[in-house]
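The numbering of the sequence shown is the numbering used here, which starts it at 1316 and goes up by one. No residue lacks a Cβ here, since even glycine has one placed at the ideal position from N, Cα and C. Being a predicted model, the structure only gives us computed values, none of them experimental. Below: the structure, in structure tokens.
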Amino acid sequence: MRHKVAHRKLGRVTEHRIAMLRNQAEALLRHERIQTTVPRAKELRPFVEHIITLAKRGVAGDGDSARALHFRRLVLRDIADRDLVRKLFDELATRYATRPGGYTRLLRIGFRRGDSAEVAQVELVGSEYNPAAKTETPGTEEKPKAKGVGGRLRAAAERVRRRKGGEEGEGADQAKARTKPPRVAQKRTAPTKRGG
1316 MRHKVAHRKL GRVTEHRIAM LRNQAEALLR HERIQTTVPR AKELRPFVEH
1366 IITLAKRGVA GDGDSARALH FRRLVLRDIA DRDLVRKLFD ELATRYATRP
1416 GGYTRLLRIG FRRGDSAEVA QVELVGSEYN PAAKTETPGT EEKPKAKGVG
1466 GRLRAAAERV RRRKGGEEGE GADQAKARTK PPRVAQKRTA PTKRGG
């Protein structure tokens, strides 16, 4: 029995599991949302929330640089990217300064196609992250794209209608001549018995 055993093993040895959690935590803090399987997401939540709590304690110090340095080094044990740690202490810790916990949100989004594993999206609460913000330029208005297959089919049908309407001199009998003749169903014969 697994009494008082806290975490999932996720089918990995300890070193691999910790390395995976560190990599996922870096990705989550950098992009502010990631997609992963539900068991991994459930293991990632407390890992990331502890890191954010350490950053909050480092920022909340009363100007004590030694205390701030101590918490920064504690975070650097798990997050190796110094730019990401800077973002964590400057932006994220101040964003969650008044929040007493629960910095992440887990949304189940369906099942993966290949192995049917349940997939979840883990995101930071209160994230104003917009992945298209870098590509958007102010003052350029784009035409809204047709969403889904139905929108694309409607747009294609509209293009075909415009093309047919623009052709002059083509009669109805010429349009019929271009279409394929209907398929004629062939008569099926009953199978014969083989035997001697």
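What's the C-alpha gap between residue i and residue j?
i     : j     : result
V1390 : P1354 : 24 Å
G1326 : H1365 : 23 Å
V1437 : A1356 : 7 Å
R1478 : G1463 : 23 Å
V1475 : G1465 : 15 Å
V1434 : T1409 : 30 Å
R1360 : H1331 : 18 Å
S1431 : T1352 : 10 Å
I1367 : R1428 : 33 Å
A1334 : A1321 : 18 Å
A1412 : D1398 : 20 Å
K1319 : L1407 : 33 Å
V1328 : K1402 : 31 Å
Q1350 : D1396 : 21 Å
A1472 : R1392 : 58 Å
Determine the DSSP secondary structure at residue i, reduced to helix, strand or coil.
i     : result
T1409 : helix
G1378 : coil
I1367 : helix
V1353 : helix
A1470 : helix
V1328 : coil
A1435 : strand
G1425 : strand
R1509 : coil
K1319 : coil
R1420 : strand
R1477 : helix
R1348 : strand
R1414 : coil
A1461 : Interpretation of A1461 is limited by its pLDDT of 48, a score under 50 that renders its predicted location unreliable; the figure taken from the coordinates is listed afterwards. In this structure, A1461 counts as coil in the three-state DSSP scheme.
Measure the CB-CB distance between residue i and residue j and report whether it falls below 8 Å.
i     : j     : result
I1394 : L1344 : yes
F1404 : A1370 : yes
R1317 : E1358 : no
V1400 : R1414 : no
F1362 : A1340 : yes
S1442 : R1337 : no
Sorted by chain position, which residues of the same chain lie with C-beta nearer than 7 Å to residue i's C-beta, five sequence neighbours on each side aside?
i     : result
V1440 : G1417, Y1418, T1419 and R1420
R1509 : none
By Cβ distance below 8 Å, which residues in the same chain neighbour residue i in space, the five residues on each side in sequence not counted?
i     : result
H1385 : G1373
Quick one: what's got a C-beta closer than 6 Å to residue i's C-beta in the same chain, skipping five residues either side?
i     : result
G1342 : The amino acid occupying residue 1342 in the given sequence is Ala; Gly does not appear at that position. Answer for A1342: I1349, listed in chain order.
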